[in-house]
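Asker:
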Amino acid sequence: MTDMSGGVALVTGGTSGIGRATALAFAKAGATAIVTGRREAEGLETVDLVRQAGGRAVFVQADVADAEEVAALFARIERDHGRLDYAFNNAGIHFGRSVADTTEADFDRMVAVNIKGVWLCLKHELPIMLRQGKGAIVSTGSVLGQIGLAGNSVYSASKAAVEGMTRSVAIEVAKSGVRVNAVCPAIIQTPMSAGSFGGEEAVNAALGPLHPVGRVGQPREVADTVVWLCSDAASFITGQSINVDGGLTVQ
Numbered sequence: 001m002t003d004m005s006g007g008v009a010l011v012t013g014g015t016s017g018i019g020r021a022t023a024l025a026f027a028k029a030g031a032t033a034i035v036t037g038r039r040e041a042e043g044l045e046t047v048d049l050v051r052q053a054g055g056r057a058v059f060v061q062a063d064v065a066d067a068e069e070v071a072a073l074f075a076r077i078e079r080d081h082g083r084l085d086y087a088f089n090n091a092g093i094h095f096g097r098s099v100a101d102t103t104e105a106d107f108d109r110m111v112a113v114n115i116k117g118v119w120l121c122l123k124h125e126l127p128i129m130l131r132q133g134k135g136a137i138v139s140t141g142s143v144l145g146q147i148g149l150a151g152n153s154v155y156s157a158s159k160a161a162v163e164g165m166t167r168s169v170a171i172e173v174a175k176s177g178v179r180v181n182a183v184c185p186a187i188i189q190t191p192m193s194a195g196s197f198g199g200e201e202a203v204n205a206a207l208g209p210l211h212p213v214g215r216v217g218q219p220r221e222v223a224d225t226v227v228w229l230c231s232d233a234a235s236f237i238t239g240q241s242i243n244v245d246g247g248l249t250v251q
């Protein structure tokens, strides 16, 4: 079992789905989970679930697309915890629309959250970890950053950007003891996928057969991958995008 006792782990977008599952997984491994997101009530639910499971967690409300809120988040982390060992840059949004139906406001918001949000977090995470001489960062990409799907041009572009950023930053800090990777899920059973595809049952019925394993993924399966990538078991892995996709991209 992974032992992260005494460590501090940040999870952005930790209010539900993959983020919530990852906060629980970090806490199960012994780390204190710092959960952040825009929706306070759901963030506090995540914290309660972690505590009910015997773990440690706090919630800090922040929008990763807002530079001032991100700066305040990391100032609080340094003030209250004095370190940051693991970070999961998971906050993101999704919509499926044709290019013609996508507005400029849609485009700008997607870029602000899915690309700028990851960049802003990296900008604050790295100085802390570089001072420590050690740390691990994982950001959420998507298999749609690697393959095409009609109606997802902006989302796909945003997730391809996360992979490109991950590779470049990993090289930038490779000799420092800080590792930077990405996870790229296929369809995962989350509130976001349910909202995009018409409910949980519809997600699995319609999209499960697209995966060679015959089903969509569960948040826990992505969370376990993230925690493993942050652990010492993955100490020689950096700059990689790990697909958690039930075989979707090897067809």
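Okay, so the sequence shown: first residue is 1 according to full-length UniProt numbering, each after it adds one.
For every residue, glycine included, the Cβ atom is placed at its ideal position computed from N, Cα and C.
(1) Which two residues bound the contiguous alpha helix (DSSP H) that contains S231?
(2) Below 7 Å between beta carbons: does that hold for L120 and A67?
(3) Return the chain-ordered ranges of every beta strand (DSSP E) run that is complete within the stretch 157-185 and spans a minimum of 3 residues.
(4) Run through the DSSP bridge pairs and tell me what N243 is partnered with.
(5) For A223, which option in I18, A31, T2 has the closest C-alpha, if you only look at C-alpha atoms?
(6) Short of 6 Å in beta carbon distance, which residues of its chain neighbour A91, apart from the five on each side in sequence? Order them along the chain.
(7) Is the stretch 1-8 close to the stretch 25-34, with three or more CB pairs under 8 Å?
(8) Cα separation between D101 and A150?
(9) Alpha carbon to alpha carbon, how far is N89 from A174?
(10) Use the C-beta contact count for T36: other C-beta atoms within 10 angstroms, 16 or more gives buried, fewer gives exposed.
(11) Distance check for M165 and F236, CA to CA, integer angstroms please.
Answerer: Quick answer:
(1) On the sequence shown, residue 231 is found 231 positions in, with the first residue counted as 1. In this chain, S231 is not harboured by any alpha helix (DSSP H), its DSSP state being neither H nor E.
(2) Translated into positions along the sequence shown, residue 120 becomes position 120. Translated into positions along the sequence shown, residue 67 becomes position 67. Taking 7 Å as the cut-off, the beta carbon of L120 is found closer than this to the beta carbon of A67.
(3) Entirely contained in the stretch 157-185, the beta strand (DSSP E) runs reaching 3 residues are, in chain order, 178-185.
(4) Here residue 243 corresponds to residue number 243 of the sequence shown, with the count starting at 1. DSSP lists C184 as partners of N243.
(5) Within the sequence shown, the letter at position 223 stands for residue 223. Nearest C-alpha to A223: I18.
(6) Here residue 91 refers to the residue found at position 91 of the sequence shown. Closer than 6 Å at Cβ, skipping near neighbours: T12, G13, V64, G117.
(7) Contact annotation: the stretch 1-8 touches the stretch 25-34, with at least three C-beta pairs closer than 8 Å.
(8) Taking the sequence shown and counting its residues from 1, the one referred to as residue 101 is at position 101. Taking the sequence shown and counting its residues from 1, the one referred to as residue 150 is at position 150. In a straight line, the C-alpha of D101 is about 12 Å away from that of A150.
(9) Taking the sequence shown and counting its residues from 1, one reaches residue 89 at position 89. Taking the sequence shown and counting its residues from 1, one reaches residue 174 at position 174. So the alpha carbons of these two residues sit roughly 19 Å apart.
(10) Translated into positions along the sequence shown, residue 36 becomes position 36. Buried, by the Cβ-count rule.
(11) Counting from one through the sequence shown, the residue named residue 236 turns up at place 236. Counting from one through the sequence shown, the residue named residue 165 turns up at place 165. Taking the straight line joining both Cα atoms gives about 19 Å.
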